[in-house]
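First to last, the sequence lines map onto chains A and B.
If you want our numbering, it's the position in the first sequence, counting the first as 1, plus 896.
If you want our numbering, it's the position in the second sequence, counting the first as 1, plus 896.
Number of protein chains: 2
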Amino acid sequence: MAVIVQKYGGSSVADTEKVMGVARRVVATARQGNQVVVVVSAQGNTTDELIKQAKAISKNPPKREMDMLLATGEQVSIALLAMAIDALGQPVISLTGPQGGIMTDTQHTKARIRMVDGDRIKRELEQGQVVIVAGFQGRTQNGDITTLGRGGSDTTAVAVAAALDADLCEIYTDVDGVYSADPRLVPEARKLAEVDYGEMLELASLGAMILQPRAVEVAAIYGVTLHVRSSFYMDEGTKVKEVDSVEREITVTGVAADENCAKITLAGIPSDVNTLYHIFSALAQAGVNVDMIVQAAASKSTTHLSFTVTREDLAETLSTIERLQADEEWEVLADDNVAKVSIVGAGMMTNPGVAAKMFEALNEADVPVFVVSTSEIKVSCLVPRAFCAEAVRACHRKFELDTAK
Amino acid sequence: MAVIVQKYGGSSVADTEKVMGVARRVVATARQGNQVVVVVSAQGNTTDELIKQAKAISKNPPKREMDMLLATGEQVSIALLAMAIDALGQPVISLTGPQGGIMTDTQHTKARIRMVDGDRIKRELEQGQVVIVAGFQGRTQNGDITTLGRGGSDTTAVAVAAALDADLCEIYTDVDGVYSADPRLVPEARKLAEVDYGEMLELASLGAMILQPRAVEVAAIYGVTLHVRSSFYMDEGTKVKEVDSVEREITVTGVAADENCAKITLAGIPSDVNTLYHIFSALAQAGVNVDMIVQAAASKSTTHLSFTVTREDLAETLSTIERLQADEEWEVLADDNVAKVSIVGAGMMTNPGVAAKMFEALNEADVPVFVVSTSEIKVSCLVPRAFCAEAVRACHRKFELDTAK
């Protein structure tokens, strides 16, 4: 008897009819003789509606209370889905994140899963029940409700799959797989049959928006094979698993774009490591994730520092810097009119000249480049947001991603 | 330092502005040097909306999952109210029923509070925080979420007040107190300064709808003084407390009407006690609360049995009887076009002729009476629903309840 974890996103359960559709799919899987755990997100734009309600009351609501509020979204979903599955005659029980044993740290609104205590889930599975677990949420040791931040339901699904040693973790979503680029930007983009954890991680964190990066990380650590597929069609999607890179001849797998970034430049700051340490540790304490970082010496004693954060974190970033600089005179420039375009591929590290080829593509398309960063499996360029789509298309063409290899 | 429990109903927190209003009231109470616990219901008609969503998916949703669904209503309220109180600069923390230590039995959708473990609430109060507790909900020993049924937030408030040995339990509502009759039916009805627990119990269970009967019961057991008052005005409301009935000269305190009833008549059933036992134990097992019961012999071996239930329980009642009668031939008549009109007063038991005076009033007003039941402090008559308002007015006039005594 196989253990299968299925995760359905918010758009998959947006209304009554879709909930019924998911229920049929779950029941079909259970009737094939599988033990099924379903992880589900809040319906449609419930989370956004709740945030709007909170903002109407307070500009800066306490994060613990935001979690208390937001956690209701998934709790509604799990109850409704349980009712739909029950109506089809299949024994079922729903569990909130806390009930499902999802234990997290105390960083409200951005909590990380510390461990999954799978006892209750296993007990319910053994009684022949489909078990529905609320995604996106967990509890601290103190019993307080936490949420994992946007996309956290993927992480819940993967963490549960790891805790149960599940045979498969299916991620149902409103796209039918992972593409070589966003098909809305690049019509000739191809669906990929499989991608490596590392590639997916870069694609996800770079804005492919299909899988939450933390989920891919956890899947890689525990060797959970993910299957990203459509909740509306039966087609095979994209498998995310360990792909032996020695066998790979493909250099670049896909092109990703991320419009959710803002660039901050601090001009004339002291060029000592202590200053850098203070800036980035203060930002870390404020819960701001810094992405690209570039530093260029302006003089012997001062330097120019540029880095990027998500657009939501821009206000927090600027107020943190405000506090830090006190009465010193730093020049602070913020630009949230930028986008990050990246080429990703596990075969990249063994192939020289990939970055050069990307710059060539961008140069031919007259795309200005502000900041560059590289890793073993990606090259990212920060460009003006207006040039984002053209940059993606130029790279997709240059690396001939529309033809299967 | 006094401990004050305040309970706000759904209409008191129906929108952002009202939530802010409640927050100001709570903060004012805290700044007078009191330790404040706030119990709050779901906003406006949230609960009805959630029930509608459930019914769209399943005609008979599992009760455990209904509780999972409905509990989100209060969770939204407590989070939003906490944000509003925080925005006014007052330290505050919200707790779900389970977090607040509200332990219940396992009867989902109609659970009863077994005990309140007040440790966490006390700990938070001692840290100078206002503590908000979700009304209407609790947890079983197993960690499952339960709801207490309609109006259960009152019970939560009283049970919390009892557990904390609170000095006062204020019930804020959209009416400004308890009246001698529903002012919509009887314009000359008077606001009562105080009523006895027993009277309130009869008024509440008879449809005055201001306080949940279970809440009054618990208040009576633990001697918690309740103050029922308006959440929109500062006027004194009605105190519900132990009133020494020896001092009471008032015979009848108020007239109550309850339109939420249905009458079932079983004709030609065996006239043995065994049959009665089977019928009412089966209904009890189905969770149906039976109110009035009347039996009249039809022949030596058969009898006519009439009883009333709430209109929501009518379907369950009929299907339970369907199962019971098997292939016997009982005639089953159901009528949900009835209403119960009652006169209530703690002084009644020492005053003979009160029932006779009520029948006189109803007779003068040409109101037919189907069923009568009496207790030490009330007389109830089941009448056609169309005659309900007239019956209330007739009784109010007859007992001269518009003039203070």
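For every residue, glycine included, the Cβ atom is placed at its ideal position computed from N, Cα and C.
None of the values given here were measured: they were computed from a predicted structure.
Under the three-state DSSP convention, the category residue i falls into
i	result
aspartate 1262/A	coil
alanine 1222/A	coil
isoleucine 1273/A	coil
tyrosine 1129/A	coil
asparagine 1233/B	strand
leucine 1162/B	strand
glutamine 939/A	coil
alanine 1192/B	strand
alanine 1077/B	coil
lysine 903/B	strand
aspartate 1015/B	helix
phenylalanine 1203/A	strand
valine 1288/A	helix
glycine 993/A	coil
asparagine 1170/B	helix
threonine 1002/A	coil
serine 1238/A	strand
Own chain partners of residue i with C-beta closer than 6 Å, once the 5 adjacent residues on each side are dropped
i	result
asparagine 1156/B	Thr1206 and Arg1207
serine 1238/B	Leu1102, Ala1152, Lys1274 and Ser1276
alanine 1194/A	His1200
lysine 1236/B	Asp1154, Cys1157, Ser1276 and Leu1278
leucine 1229/B	Thr1161
threonine 1204/A	Cys1157, Lys1159, Asp1187 and Met1188
Straight-line Cα distance separating residue j from residue i
i	j	result
threonine 1161/A	proline 1109/A	26 Å
asparagine 1233/B	arginine 1080/B	20 Å
isoleucine 1043/B	leucine 1214/A	Note that residue 1043/B corresponds to threonine in the displayed sequence, not to isoleucine. Rounded to whole angstroms, threonine 1043/B to leucine 1214/A spans 45 Å at the Cα level.
alanine 978/A	glycine 1024/A	14 Å
valine 1112/B	isoleucine 1106/B	11 Å
asparagine 1038/B	threonine 912/A	30 Å
isoleucine 1314/A	alanine 1053/A	In the structure as shown, chain A begins at 897 and stops at 1301. Residue 1314/A is therefore absent and cannot be evaluated.
valine 923/B	methionine 916/B	10 Å
alanine 1058/B	isoleucine 989/B	20 Å
phenylalanine 1032/B	glycine 1048/B	4 Å
lysine 914/A	aspartate 1209/A	33 Å
phenylalanine 1266/B	lysine 959/B	34 Å
glutamate 1227/B	glutamine 1191/B	14 Å
glycine 940/A	glutamate 1020/A	28 Å
alanine 938/A	glutamate 1098/A	26 Å
leucine 1297/A	glycine 969/A	39 Å
threonine 942/B	serine 1197/B	51 Å
aspartate 1078/B	glutamate 1286/B	12 Å
alanine 1055/B	valine 1240/B	25 Å
isoleucine 1165/A	aspartate 1231/A	18 Å
Best match in the options for proximity to residue i [C-alpha to C-alpha]
i	options	result
valine 1259/A	Gly1034/A, Gly906/A and Ala1290/A	Looking at the sequence shown, residue 1259/A is not valine but asparagine. When only C-alpha atoms are compared, the closest one is Ala1290/A.
lysine 1135/A	Glu1090/A, Lys1159/A and Ala1163/A	Glu1090/A
aspartate 1001/A	Lys955/A, Met1130/A and Arg1010/A	Arg1010/A
glycine 1133/A	Val1082/A, Val1139/A, Ile1106/A and Gly1073/A	Gly1073/A
alanine 919/B	Ala1059/B, Gly1039/B and Ser1127/B	Ser1127/B
asparagine 930/A	Ser973/A, Gln986/A and Glu1218/A	Gln986/A
valine 1288/A	Thr925/A, Ala1222/A, Ile1217/A and Tyr1075/A	Tyr1075/A
arginine 921/B	Ile1067/B, Ala938/B, Arg1035/B and Ala1007/B	Ile1067/B
cysteine 1284/A	Ser1271/A, Ala910/A, Ala1257/A and Asp1298/A	Ala1257/A
valine 1120/A	Met1130/A, Val1139/A and Tyr1129/A	Val1139/A
tyrosine 1129/B	Val1082/B, Asp1070/B, His1292/B and Leu976/B	Asp1070/B
aspartate 1015/A	Arg1008/A, Met999/A and Ala1007/A	Met999/A
valine 1250/A	Phe1295/A, Lys1137/A and Leu1122/A	Phe1295/A
serine 954/B	Lys955/A, Gln971/A, Ala983/A and Ala950/A	Ala983/A
valine 899/A	Ala910/A, Gln928/A and Ala950/A	Gln928/A
aspartate 1187/A	Lys1159/A, Val1012/A and Asn1170/A	Lys1159/A
alanine 1085/A	Ala910/A, Pro1280/A, Val934/A and Gly1150/A	Gly1150/A
Sequence-distant residues of the same chain with beta carbon closer than 8 Å to residue i, five excluded per side
i	result
isoleucine 974/B	Val936, Ser990, Leu991, Thr992, Ile1028, Val1029 and Ala1030
lysine 1253/A	Lys1294 and Phe1295
Same chain only: Cβ atoms within 7 Å of residue i, ignoring 5 sequence neighbours per side
i	result
isoleucine 1041/B	Asp963, Met964, Ala967, Pro994, Gln1033 and Arg1035
threonine 1005/B	Lys959, Met962, Asp963, Thr1043 and Gly1045
phenylalanine 1176/B	Val1186
glutamate 1095/A	Thr1149, Val1240, Gly1241, Ala1242 and Ile1273
Q) Okay, do the segment 903-910 of chain A and the segment 987-994 of chain A touch, 3+ Cβ pairs below 8 Å being the bar? A) no
Q: Please confirm if the segment 1210-1230 of chain A is in contact with the segment 1182-1192 of chain A, defined as three or more CB-CB distances below 8 Å between the two stretches.
A: yes
Q | Interface positions of the segment 1030-1054 of chain A facing chain D (Cβ-Cβ less than 8 Å), listed along the chain | A | You won't find chain D in this structure, because its protein chains are A and B.
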